[in-house]
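Protein chains: 2
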Amino acid sequence: MEKISDDCLQKFKAINDVKDILSGKWKVMIIASLSVFGEKRYMELQRIIDGIGTKMLSKELQELEINGLVKRTVMDTKPITVKYELTEYGRSLTPVIDEMASWGIQHRERIIQEMSAK
Amino acid sequence: MEKISDDCLQKFKAINDVKDILSGKWKVMIIASLSVFGEKRYMELQRIIDGIGTKMLSKELQELEINGLVKRTVMDTKPITVKYELTEYGRSLTPVIDEMASWGIQHRERIIQEMSAK
DNA sequence: GAAGTTACTTCCTTTTGGGAACGTAATTAT
DNA sequence: ATAATTACGTTCCCAAAAGGAAGTAACTTC
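Chains as they are written, first to last, in our numbering: chain A, 1 to 118; chain B, 119 to 236.
Laid out in structure tokens, this is it:
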């Protein structure tokens, strides 16, 4: 059994933490929405995130709020609205989200190339 | 309803693609293992990734192989072994994994500070 | 006062995940 | 020679997570 460097192990454990915090099918998309588009209301989020239902949206938002990544504000409007936004801590995920976005854009280009090469 | 810039929308769709490719509970950890530690055998992966069972490991590895992110090689050893490694395409995820790792490390520091501040 | 909007919750079904046991093939221990 | 062990899975069955329809509540517009 080979020894594994402490540095790599620390990195690996850190990634495991991220996995746990962003567990669940929709958390990344919620954070991405708020990161890319800025603060949004409940219904706006549901319209932006394709396929999410009301149940999962509220459940995941609650978990993100508990973990301190998202801030929920009840607005004093005619029909009551609720604003969601990233906390400063949530905004610290921006580099991760941005790397995912740029990989995804490259991925799309790759798919297009594959199709035209056929 | 406000108009959303095409740029933001493209970013958002790209992130959605990443979400789909890395769907499932263990794909990120498998890619992280192979990215951080390099090529590994089936049993090594199971020992590295805390909590994963044989069923999920083989299922997720198969999906990653189908998507071209992981390469599977049956080795011609005494008791047959199987080597898994990232393809070049899989290695292109390194910046994403690294960003996750550095965020996770900062997160750990934050948790430690919170505890000592109490 | 009927219908619509916003922001959820509740209940039930479907999908996904997890674990134990089994299969196979070769190796090592008794 | 036989039993146990290692490596790499698959199968079956149960638990957990996700999805969908409908309900709730407060307020607004028609």
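Idealized CB from N, CA, C, for every residue including glycine.
Keep in mind that this is a model prediction, so the values were computed, not measured.
Identify which residue in the options has its Cα closest to the Cα of residue i.
| i | options | result |
| --- | --- | --- |
| residue 30 of chain A | A/15, A/17, A/16, A/47 | A/47 |
| residue 79 of chain A | A/43, A/72, A/14 | A/43 |
| residue 99 of chain A | B/127, B/185, B/132, B/125 | B/132 |
| residue 27 of chain A | A/115, A/108, A/114, A/66 | A/66 |
| residue 209 of chain B | A/32, A/76, A/103, A/68 | A/103 |
| residue 142 of chain B | B/172, B/181, B/159, B/123 | B/181 |
| residue 138 of chain B | A/115, A/8, A/108 | A/108 |
| residue 212 of chain B | B/163, B/173, B/153 | B/153 |
| residue 37 of chain A | B/219, B/124, B/201, B/195 | B/124 |
| residue 139 of chain A | A/41, A/51, A/22, A/71 | Examination of residue 139 of chain A is not possible in this model, given that chain A is present from 1 through 118 alone. |
| residue 207 of chain B | B/171, B/186, B/163 | B/186 |
| residue 70 of chain A | A/55, A/81, A/82, A/87 | A/87 |
Applying the 10 Å Cβ sphere with the 16-neighbour rule, what's the burial state of residue i?
| i | result |
| --- | --- |
| residue 192 of chain B | exposed |
| residue 111 of chain A | exposed |
| residue 129 of chain B | buried |
| residue 177 of chain B | exposed |
| residue 235 of chain B | exposed |
| residue 136 of chain B | buried |
| residue 16 of chain A | buried |
Is it the case that the Cβ atoms of residue i and residue j are separated by a distance below 7 Å?
| i | j | result |
| --- | --- | --- |
| residue 223 of chain B | residue 150 of chain B | no |
| residue 62 of chain B | residue 157 of chain B | This structure cannot speak to residue 62 of chain B, because chain B is shown only from 119 to 236. |
Can you tell me whether DSSP reads residue i as helix, strand or coil?
| i | result |
| --- | --- |
| residue 83 of chain A | strand |
| residue 94 of chain A | helix |
| residue 55 of chain A | helix |
| residue 78 of chain A | coil |
| residue 131 of chain B | helix |
| residue 71 of chain A | strand |
| residue 40 of chain A | strand |
| residue 27 of chain A | helix |
| residue 118 of chain A | coil |
| residue 140 of chain B | coil |
| residue 49 of chain A | coil |
| residue 123 of chain B | coil |
Taking a Cβ distance cut-off of 9 Å, strictly less, list which residues of the segment 202–218 of chain B are near chain A, in chain order.
-> 207, 210, 211, 213, 214, 215, 216, 217, 218
Positions along the segment 119–138 of chain B whose CB lies within less than 8 Å of some CB in chain A = Within the segment 119–138 of chain B, those residues whose Cβ lies closer than 8 Å to any Cβ of chain A are, in chain order, 122, 126, 128, 129, 130, 131, 132, 133, 134, 135, 136, 137.
Near-chain A residues of the segment 222–234 of chain B (beta-carbon distance less than 8 Å), N- to C-terminal order | 222, 223, 224, 225, 226, 228
With 8 Å as the C-beta to C-beta threshold (strictly closer), list the residues of the segment 42–60 of chain A near chain B in chain order.
-> 48, 50
Scan the segment 29–43 of chain A for residues whose Cβ lies nearer than 8 Å to a Cβ of chain B and list them as they occur along the chain.
-> 29, 32, 33, 36, 37
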